[in-house]
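In what follows, a structure is listed as structure tokens, so that the remarks can point back to it.
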Amino acid sequence: MPGEMPGPAPDQRMRPDGRRNTQGIRVDPEAEATHEPRMAVLSALVKHEPGVLSEVSSLFSRRQFNIESLTVGATTNDGTARMTIVIEEPEPGVQQAKKQLRKLIPVIEVEELESAAMRRELALIKVAGDKPDDVQAVAGMYGGDAVDASTDAVTVEITGSKQKIDAAIEAFEQFDVLEIVRTGAAALERGSKTMHSTTMESDN
Amino acid sequence: MSERASIPKRDPEDVPERESGIETVESGSEAIIASLEQAGVDHAFGVQGGAIMPVYDALYDSSIRHITMAHEQGAAHAADAYGIVTGEPGLAMATSGPGATNLITGLADAAMDSDPMIALTGQVATDFVGNDAFQETDTTGITMPVTKANYFADHSDTVGDDVSEAFALAEKGRQGPTLVDLPKDITKGATDQWPKPPETPDTHDEPVQADASAVETATRALEAADRPLILAGGGVIKGEANDELRSFAHEYEIPVITTMPGLGTFPETDELSLGMAGMHGTGAANMAVTNCDVLLGVGTRFDDRLTGGVDTFAPDAEVIHIDIDPAEISKNIEADHPLIGDAERVLEQIDDAMTDTPEADQWREQCQTWTEEYPLDYEMPDDEPLKPQYVVETFDELADDDAIVTTGVGQHQMWAAQFWTYEYPRTWVSSNGLGTMGYGVPSAIGAKIGAPDTEVVAFDGDGSFLMTMQELSVAVRENLDITYVVLNNEAIGMVRQWQDGFYEGRRMASEYPWVPEFDKLAEAFGARGFRLEDPEDVEETIQAAREYDGPAVIDAIIDPAENVFPMVPSGGDNGLFALNEQHLEMI
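This is the structure we're talking about:
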């Protein structure tokens, strides 16, 4: 038959005992460790130049990393910006995302923040109605404030962890919510710990 | 056939007397060319056009020799192949819009195979950018995922520096393609800024030495191995670690398998060589990788065509992975011992740390048994039909030992990988990762320009050849001594093979009812054409084509029923490779 090659058939060959899981990790078939997705907060120091945001977002989309939020902002150094990226991935995915991110030429440094890191999000909630005092009272329970009021609508701002903002939005459902906008997380490590490069550059 | 009076061919001795190069800079374009000359660029492959004209104008006074290609895709593949054979970035040039988009396949190809390459694209003037001007396209946006880095030049004073940085990035660390997009006002604009020398930006990591403690644990694992195996990838060639790898394997008597881009890292004539592993690899290589207990992977990204299903890849093996790119470590196969660094240097580190040779006599005997049990073989009829494997084997016997082989993509590529014996690095020039049909014709041009004194043989398929054959006009014009062999089965053979194996023989859009006569086509282009049908004529035809001083095309009419084996189906178990159609049903 065309192309046929000599040699023992597949069922007559030596076979190894082991196997790997879908992530290429050798596993004990008896107790296979599967990696559950987890939330990870990555903080990246990047060059402040056009196209960086698009490079980073394109990377996450083409490599199919599950992105929860992404925020960018200036730093004290004109030449650099800081991105906070929250992803939900199994452990190997988190590690791969960090490595791929670091590989981009405009990326200076990448760090995964500890789970104890300070994380803050901001939400603006616009509710209908003419009872600004009631709205202010609910906002106060979440440390928020009314920032705008007109005859038929009130807008409040809430800052805090994702959980706190989720809870606040739920609480505001007693009013007629017209619009909500919320940011992704901005995060920093607790204590005096900083990203190495930030310290270096601000010392200059 | 009418005899054309004379084809104006380039006499290799007749190199036009150009200026010795750019000495002072007056425009952005001159800064670009000065940057390239300073980086040591000798050749450019490209196609002219409106937005790139100022750069070409500066090339007029340059020492860089430009090869005008028929199509920008051809320019990209030629530059890529030039990069493979020389180790230095190949230069591709194109205009804006369609010129730039035509480069993309070549950029993606270079990115997948980590080939050093730099592309310069023209762009509409800055004032027009974003206005959908004539021949405008968002080149940096489109090429972002297929380049290692790209640049949009925004000032005539710094455009030369952009090119220098792009050149350095293409060459240093893990090699790859870079691109600089050049708006016309920036290239025409006045500047007297001499470009900086090629240097990578400080954010670019170039790891050299691996972590000493990781080297230590990896070394202990290797010493203790009963069934050690070295997997040599394309990174060994890119990192110029061939000699180190060879002496390392010999010193510790460890059998070696290669990936497809790794062909030539380790001589296939060596007794420790088990050949190429993966989908169409040798039985011995696939048995060895499946059953080894320590696998030392060097400069490989554990691509799916190598691993098959990851669950059954080297399932008993502790993996030591040497790579210059941290992002390749544990991406597909978990590395028990990640060694991030330069391949040559890290092999030296392990060598220095080794105190013992793994005791693996039994394992080497086993590997030897597999080599004997699973030879790459084919049935040879007394007369027609002609077997493609026989054509490749015969050519290999006749060709120079260090001949360069380039290929298109498909069955012919696999036969060229299997039945040619690779002994030297940089002699296998192929589209390994992207699998670009049409890579063959232009890549042979780039290879021949890069290695003018080396024999260049291009195996192609009829399908692949039809995709880029217009580049034959360039081979004729440049009078390049290349032998093209079209293994013609009048089909997209690899697709047809899969249809027969996995789609119940429903041959949808894989067979050609008619293909041109490639020998006559070659003559029309001004090349020499040969038609080969009879196995008895193989040697004579190949010799005649080799002896012809210029491009020759052999249209080899091969057995259309011939398929590529051994075969590991996509996602399958390497140890269960099929040796024939029936095996495909068993596994």
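Line order of the protein sequences matches chains L and P.
Number 113 in our numbering belongs to position 113 of the first sequence; there are no gaps in the numbering.
To get our numbering, take the position in the second sequence, counting from 1, and add 1000.
No residue lacks a Cβ here, since even glycine has one placed at the ideal position from N, Cα and C.
Interface flag, residue i vs chain L, CB-CB below 8 Å
i       : result
P/M1144 : yes
P/M1586 : yes
P/A1327 : yes
P/A1224 : no
P/P1201 : yes
P/D1559 : yes
P/T1483 : no
P/H1204 : yes
P/A1125 : no
P/A1149 : yes
Three-way DSSP call (helix, strand, coil) for residue i in this model
i       : result
P/D1387 : Sequence inspection shows Lys at residue 1387 of chain P; the Asp mentioned does not correspond to that position. Of the three classes helix, strand and coil, the one that applies to P/K1387 here is coil, per DSSP.
L/Q64   : coil
P/V1457 : strand
P/H1280 : coil
P/W1428 : strand
P/V1041 : coil
P/E1088 : coil
L/G173  : Looking at the sequence itself, residue 173 of chain L is Glu, so the reference to Gly does not match. Reduced to three states, the DSSP call for L/E173 is coil.
P/L1434 : coil
L/K193  : coil
P/R1507 : coil
P/I1554 : strand
P/P1098 : helix
P/F1530 : strand
P/M1144 : helix
P/S1114 : coil
L/Q205  : The structure shown has nothing for residue 205 of chain L, since chain L only spans 1 to 204.
Contact under 8 Å by Cβ, residue i with residue j
i       : j       : result
P/F1395 : P/V1485 : yes
P/I1384 : P/D1534 : Note that residue 1384 of chain P is Glu in the sequence shown here, rather than Ile. Yes, these two residues count as a Cβ contact at 8 Å.
P/K1188 : P/S1029 : yes
P/I1257 : P/L1222 : no
L/V135  : L/D176  : no
P/P1183 : P/V1124 : yes
L/S61   : L/A185  : no
P/T1200 : P/A1241 : no
Cutoff 8 Å: residue i Cβ touching any chain P Cβ
i      : result
L/E77  : What sits at residue 77 of chain L in the sequence shown is Asn, not Glu. With 8 Å as the cut-off, L/N77 does not count as an interface residue toward chain P.
L/Q64  : no
L/I67  : no
L/S43  : no
L/G184 : no
L/S192 : no
L/Q174 : no
Spatial neighbours of residue i in its chain, beta-carbon cut-off 6 Å, leaving aside the 5 residues before and after
i       : result
P/V1564 : H1280, Q1411, M1414
L/S202  : Summary for L/S202: the model assigns pLDDT 42, below 50, so the residue's position carries little reliability; its value from the coordinates is reported in the next sentence. Closer than 6 Å at the Cβ level, and outside the excluded window around L/S202, lie T76.
L/S43   : T84, E111, L113
P/I1492 : G1463, S1510
Contact set for residue i: own chain, Cβ-Cβ below 7 Å, skip 5 residues either direction
i       : result
P/G1446 : F1045, H1077, A1078, A1079, D1080, A1081, Y1082, G1090
P/I1329 : H1321, D1323, A1335, P1338, I1340
P/A1070 : Q1470, E1471, S1473, V1474
L/M200  : Summary for L/M200: the model assigns pLDDT 47, below 50, so the residue's position carries little reliability; its value from the coordinates is reported in the next sentence. So no residue of the chain qualifies.
P/D1400 : E1455
L/E36   : P90
P/G1097 : Q1135, E1136, T1137
Cβ-based neighbour list, residue i, same chain, cut-off 8 Å, excluding 5 preceding and 5 following
i       : result
P/D1293 : A1225, D1226, R1227, P1228, D1316, A1317, E1318
P/D1460 : T1407, G1408, H1412, G1440, V1441, Y1484, V1485, V1486, L1487
heavy atom of the ligand GDP below 7 Å from residue i C-beta
i      : result
L/F175 : For the structure depicted, the ligand GDP is absent and the ligand set is empty, with no information on it obtainable.
According to a CB-to-CB cut-off of less than 8 Å, which residues of the region 1561-1583 of chain P neighbour chain L? A1561, E1562, N1563, V1564, F1565, P1566, G1575, L1576, F1577, A1578, L1579, N1580, E1581, H1583
Residues within the region 1330-1347 of chain P neighbouring chain L, beta-carbon criterion of under 7 Å: S1330, K1331, N1332, I1333, E1334
Under 8 Å (Cβ pairs) to chain P, residues found in the region 4-36 of chain L: E4, M5, P6, G7, P8, A9, P10, D11, R13, M14, R15, P16, D17, G18, R19, R20, N21, T22, Q23, G24, I25, R26
Under 8 Å (Cβ pairs) to chain B, residues found in the region 1284-1297 of chain P: No chain B is present in this structure, whose protein chains are L and P.
Note down, in chain order, all residues in the region 69-97 of chain L with a beta-carbon under 8 Å from any beta-carbon belonging to chain P. P92, Q95, Q96
Along the region 102-131 of chain L, where does the CB come closer than 9 Å to a CB of chain P? Name the residues. R102, K103, L104, I105, P106, V107, I108, E109
Could you please tell me which residues of the region 1157-1181 of chain P, in chain order, have their CB closer than 8 Å to any CB of chain L? L1169
The region 1370-1388 of chain P: which residues have C-beta closer than 8 Å to a C-beta of chain L, in chain order? E1373, Y1374, P1375, L1376, D1377, Y1378, E1379
So if I threshold CB-CB distances at 7 Å, which residues from the region 1302-1321 of chain P count as touching chain L? V1310, D1311, T1312, F1313, P1315, D1316
Name the residues in the region 47-61 of chain L whose C-beta lies less than 9 Å from a C-beta of chain P; which are they? K47, P50, G51, S54, E55, S58, L59
Residues within the region 1077-1111 of chain P neighbouring chain L, beta-carbon criterion of under 9 Å: none
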